[in-house]
Structures are given as C-alpha cells and as structure tokens.
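Colleague: According to UniProt numbering, the sequence shown holds residues 1 to 157 in order. Note that beta-carbon positions come from the ideal geometry of N, C-alpha and C, so glycine has one too. In this text the structure is predicted, and so the values were computed from the model without any measurement.
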Amino acid sequence: MNQDTMTMILNVIELDLAAAEGYRISADACVGGDLKKQLVAFGADHERHVAELSDWVRAQGGEPATELGDVGKIIVGYTKLSSQEDRTAVLAMRGNEELTNGTYASALRGEAPDDLKPILERGFEDERRHIAWIREVISSRGWDQEPAELREVSKAA
Numbered sequence: 001m002n003q004d005t006m007t008m009i010l011n012v013i014e015l016d017l018a019a020a021e022g023y024r025i026s027a028d029a030c031v032g033g034d035l036k037k038q039l040v041a042f043g044a045d046h047e048r049h050v051a052e053l054s055d056w057v058r059a060q061g062g063e064p065a066t067e068l069g070d071v072g073k074i075i076v077g078y079t080k081l082s083s084q085e086d087r088t089a090v091l092a093m094r095g096n097e098e099l100t101n102g103t104y105a106s107a108l109r110g111e112a113p114d115d116l117k118p119i120l121e122r123g124f125e126d127e128r129r130h131i132a133w134i135r136e137v138i139s140s141r142g143w144d145q146e147p148a149e150l151r152e153v154s155k156a157a
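1) With distance defined between alpha-carbon atoms, name the residue in 36, 53 and 64 nearest to residue 113.
2) Would residue 17 and residue 68 qualify as a contact pair, given that the criterion is a beta-carbon distance under 8 Å?
3) Which one of 135, 137 and 14 has the shortest CA to CA distance from residue 74?
4) Can you name the start and end residues of the alpha helix (DSSP H) that residue 88 belongs to?
5) Counting C-beta neighbours from all protein chains within 10 Å, is the total for residue 96 16 or more, i.e. buried, or is it exposed?
6) If you pair each beta-carbon of the region 107-124 with each one of the region 132-140, do three or more pairs fall below 8 Å?
7) For residue 35, report the span of its alpha helix (DSSP H) as first-last.
8) Here's the rule I'm using: 16 or more other beta-carbon atoms within 10 Å means buried, otherwise exposed. How should residue 87 be labelled?
9) Would you mind reading off the limits of the alpha helix (DSSP H) that contains residue 135?
In structure tokens, the structure reads:
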C-alpha cells in the first residue's frame, strides 16, 4: 500500500466525518418527520463509513482522523448557515453529497488494495442512493425553483 492511498483514505474519512455532522445539523433543522428520519439515516451511513475506513487505516498501522479538519469545518459551517428549515436543509445536503459522491468516485478510480475496494464500493453505493433521494425530494417538492423571497430581493436591487 502506498502513501497516496493512505492519504486519500484519510481525506475520505474526514469528509465522511463532516457529512455525518452535516446530516445531524440538517436533520435538526427539519420539521418534516419524513425528511428528518431520512437525513438521520443517511448520517448513520456516513458514521458507518468512518468506522469501516478507520478500521482499515488502523489495520495498515495508520491513525484515522477523529475530528474535523479545516475542510470539514468549512463544510459544517456552510451547513449550519444554510440549514434553516426543510427546504434549505435538503439543499445544503445536496452540495455535501455531490462532494462525497465525487470523492468516492475518485477513490475508486485509483489503485485501491483488494481489501479496501469493497469498503469503498459499499460507501459509493450509499452515496449514490443519498444523492438520488435528495434530487428526487428537491424535484418532487418543487424546491429546484428559486424561492419567491430571492426573486423579490433581486427585483428590488
């Protein structure tokens, strides 16, 4: 296993830590029980990713992150600012999931050891499921349109 692979996995862990925290924040902002329940479940998926990848890192003699790094703090800060109610909570998580989907896809394009590849594949399957659900919710609820309050402000400016 080369150092580039370890660095990549440590970065994925940090991103999953941030995603798990982002889902907690977004779920807390939701009043819709169905949305809150799903966001909590997705956060649990990210916590599982952290646990599985951390176990792999330790088996390689490494030490995984247990706290947010600078990028994670920015992601969590953005999520806190953005997640004010159901709509904005889900929209914030769309951006976070686009980032995690891209990160897992990049990790799978790399040369992962045989014992790591299935962990990354399971994580990527979760990420694909998360983003598909988020996109469906946004589309089905009409949240892909600019909200009226933004249109009013832009007309006044």
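Modeller: Checking against the coordinates, here is how it stands:
1) The shortest C-alpha separation from residue 113 is found at 53.
2) Cβ distance < 8 Å, so residue 17 and residue 68 count as in contact.
3) Of 135, 137 and 14, the residue nearest in Cα terms is 14.
4) 86-109 is the span of the alpha helix (DSSP H), which, as asked, contains residue 88.
5) Around the beta-carbon of residue 96, 16 or more other beta-carbon atoms lie within 10 Å, marking it buried.
6) No, the region 107-124 does not touch the region 132-140.
7) Residues 33-59.
8) It is buried - the Cβ of residue 87 has at least 16 other Cβ atoms within 10 Å.
9) Unbroken alpha helix (DSSP H) run through residue 135: 117-140.
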